[in-house]
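A.B. asks: Quick one: structure below, then a few questions.
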């Protein structure tokens, strides 16, 4: 028996929850999330959300900073819309109950991060994402027509192109009808049918060995969208956060960029500074430059890390402004107020993704995407710090508005002319070879870290591509022979997502933003000031 809803949402971060709250005005909503409802990249966002909130700032300045960070690949119409509509969406969060940090009176404390020309980052100390996530979940729990399916995972999208042999998937006539979803607790597959499907499943940081992302970030939405024929753009642009805590037990705990905005200084082990050699903004240069600079200095010296020094900042300021970071570092033996802390870059944000328009619409009718899973054109070749939460807010708002219009149209409500089959598991049996999954998972992540990292080469990329293709074949055979589980689904998705990153990186014969290759070290505007687009048809 299929579960039928007007809106099906895959993911429960800021993009998915924003869409759910607003879509609930127009129909029934299902939120599918593969862990607990609050487990998402949003929950772990420290820095904040960028928005024009003062008279000495402007939409034009915010847009200019965004475009400069994006290295010529931002869609300027998207940038203008998101920067302009952002403050209204942020005020809706405040009306919902989000408590951003304030200073004198009712003024908000605004901080600055790399690439920003003004103080415009709203934050809730250094737990901004948690404040937003939990406030939105409280509002979700008050909505009777929103049903949450936690510990449920997307297997594949159901589309006309998948079911109708006469229709090419991803064609202009194709449309999304729902999805096959795995109940992780029971290992049973459920069929969800919907009038509108939103992918808000986040990014793919777990493709890499070292990442600041939660364990849920395995590229599920990107992989499923590609298999369904959706266009995927600019996967070569993977942002590495410059400063994650270097400690074997810290799981690449992110040290917010706002620490550098408050005066933190990057130093080598010998105490000398180095960022002034790479950019006029020094430690507040855009993330791609800072990450490459740290990577270069580490390779030059042979050191495993560099230092982030906050000892010159008054101790009480550090403890009050960054209570979570301070306490976490202290737990691992580092007192930020008295000694510099060791940091390294780690995979942080997937700037590419499912290609969408100004309203989050993909090339497949009824299928929308918002947040890190998508490529709207806001980030271009490099995301400006704290623009990600903003994108999820604005794009999901616009996607709901477009979906509501679709629901009202007579053409939209035409009946489905064929039955949608339940999931067919074929002759699959339970596996007693789980070691295969864990081995392949580890191999993929090491290949990506060593060959498709901050600095790339054609030789390394080709080597990675050959090995990933072999792994994809092995995984495909394993996938169809054995009963699916959460682990096998995630392995299938990280392998495909890794392949998309490699293919996109091989196609781009230049260096731009987050994609830097020693074989083509310069940007080539005459040939490569354009998106890379992949589609499986």
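Residue numbers (our numbering): 35 to 571. Even glycine gets a Cβ: it sits at the ideal position worked out from N, Cα and C. A quick note: this is a predicted structure, and the numbers were derived from the prediction, not measured.
Could you give the first and the last residue of the continuous alpha helix (DSSP H) run that contains residue 395?
C.D. replies: Where residue 395 is concerned, there is no enclosing alpha helix (DSSP H), given that its DSSP letter is neither H nor E.
A.B. asks: According to DSSP, simplified to helix, strand and coil, what is residue 164?
C.D. replies: In the structure shown, residue 164 sits in a helix (DSSP, three-state: H, G or I).
A.B. asks: Tell me whether the region 504 to 513 and the region 226 to 245 touch, counting them as touching only if at least three CB pairs, one residue from each stretch, are closer than 8 Å.
C.D. replies: As far as the Cβ criterion goes, the region 504 to 513 does not touch the region 226 to 245, which means the pair count is below three.
A.B. asks: If residue 419 sits next to residue 278, beta carbons under 8 Å apart, how far is it from one beta carbon to the other, in whole angstroms?
C.D. replies: So it is not a contact: roughly 15 Å between Cβ atoms.
A.B. asks: Of the residues 421, 416, 539 and 184, which one's Cα is nearest the Cα of residue 106?
C.D. replies: Among 421, 416, 539 and 184, the Cα nearest to that of residue 106 belongs to 416.
A.B. asks: May I ask you to list the residues that DSSP assigns as paired with residue 38?
C.D. replies: DSSP lists 227 as partners of residue 38.
A.B. asks: Which of the three DSSP states is assigned to residue 383 in this structure?
C.D. replies: Strand at residue 383.
A.B. asks: Opposite residue 408 in the DSSP bridges: which residues?
C.D. replies: Per DSSP, 388.
A.B. asks: Within its chain, find whatever has a CB closer than 6 Å to the CB of residue 50; leave out the 5 residues flanking it on each side and keep chain order.
C.D. replies: Cβ within range, chain order: 43 and 234.
A.B. asks: Leaving out five residues before and five after residue 538 in sequence, what residues of the same chain have Cβ atoms less than 6 Å from its Cβ?
C.D. replies: Taken in chain order, the residues that qualify are 269, 270 and 566.
A.B. asks: Is it buried or exposed, residue 176, if we count other Cβ atoms within 10 angstroms and call 16 or more buried?
C.D. replies: Residue 176 comes out exposed.
A.B. asks: Which residue marks the beginning of the alpha helix (DSSP H) containing residue 539, and which one marks its end?
C.D. replies: That run of the alpha helix (DSSP H) goes 520 to 541.
A.B. asks: Output the distance between the C-alpha atoms of residue 333 and residue 41, rounded to the nearest integer angstrom.
C.D. replies: Approximately 49 Å, taken between the alpha carbons.
A.B. asks: Going by beta carbon distance, what residues of the same chain come within less than 7 Å of residue 485, once the five residues before and after it are set aside?
C.D. replies: Only 494, 495, 497 and 498 meet the Cβ criterion.
A.B. asks: Is the distance from the Cβ of residue 409 to the Cβ of residue 389 below 8 Å?
C.D. replies: Contact flag set, yes.
A.B. asks: Check whether the Cβ atoms of residue 203 and residue 253 sit closer than 8 Å, and answer yes or no.
C.D. replies: Cβ distance not < 8 Å, so residue 203 and residue 253 don't count as in contact.
A.B. asks: Using only the heavy atoms of the ligand NAP, determine whether one of them is closer than 7 Å to the beta carbon of residue 309.
C.D. replies: No copy of the ligand NAP occurs in the structure displayed, which carries no ligand at all.
A.B. asks: Rounded to whole angstroms, what's the CA-CA distance from residue 517 to residue 362? Just pull it up for me.
C.D. replies: One C-alpha to the other measures close to 40 Å.
A.B. asks: When the Cα atoms are used, what is the spatial distance from residue 291 to residue 212?
C.D. replies: The alpha-carbon atoms of residue 291 and residue 212 are separated by roughly 39 Å.
A.B. asks: Here's a check: name, in chain order, each residue in its chain whose Cβ is nearer than 7 Å to the Cβ of residue 352, leaving out the five neighbours to either side.
C.D. replies: So the qualifying residues of the chain are 344, 360, 370 and 371.
A.B. asks: Whose CA, out of 514, 512 and 550, lies closest to the CA of residue 487?
C.D. replies: Checking every option, the nearest Cα to that of residue 487 belongs to 550.
A.B. asks: Would the region 62 to 78 and the region 184 to 203 be scored as touching if the rule is three or more Cβ pairs under 8 Å?
C.D. replies: These segments touch.
A.B. asks: Is the separation between the beta-carbon of residue 483 and that of residue 242 shorter than 8 Å?
C.D. replies: Cβ atoms of residue 483 and residue 242: closer than 8 Å.
A.B. asks: Express the C-alpha separation of residue 310 and residue 289 in angstroms, rounding to a whole number.
C.D. replies: Looking at the two C-alpha atoms, the distance is approximately 21 Å.
A.B. asks: Sorted by chain position, which residues of the same chain lie with C-beta nearer than 7 Å to residue 513's C-beta, five sequence neighbours on each side aside?
C.D. replies: Excluding sequence neighbours, residue 513 sits near 522 and 526.
A.B. asks: Buried or exposed: residue 336, going by 16 or more other Cβ atoms within 10 Å of its Cβ?
C.D. replies: Flag for residue 336 reads exposed.
A.B. asks: The beta strand (DSSP E) that contains residue 276, what's its start and end?
C.D. replies: 272 to 279 is the span of the beta strand (DSSP E), which, as asked, contains residue 276.
A.B. asks: Between residue 318 and residue 548, what straight-line distance do the alpha-carbon atoms span, to the nearest angstrom?
C.D. replies: Between residue 318 and residue 548, the C-alpha separation is close to 16 Å.
A.B. asks: Please confirm whether residue 248 and residue 403 have their CB atoms less than 8 Å apart.
C.D. replies: Result no, Cβ atoms of residue 248 and residue 403 do not sit closer than 8 Å.
A.B. asks: Leaving aside the five residues before and after residue 347 along the sequence, list all residues of the same chain whose C-beta is less than 7 Å from its C-beta, in chain order.
C.D. replies: Excluding residues within five positions, the ones whose Cβ falls inside 7 Å are 296 and 297.
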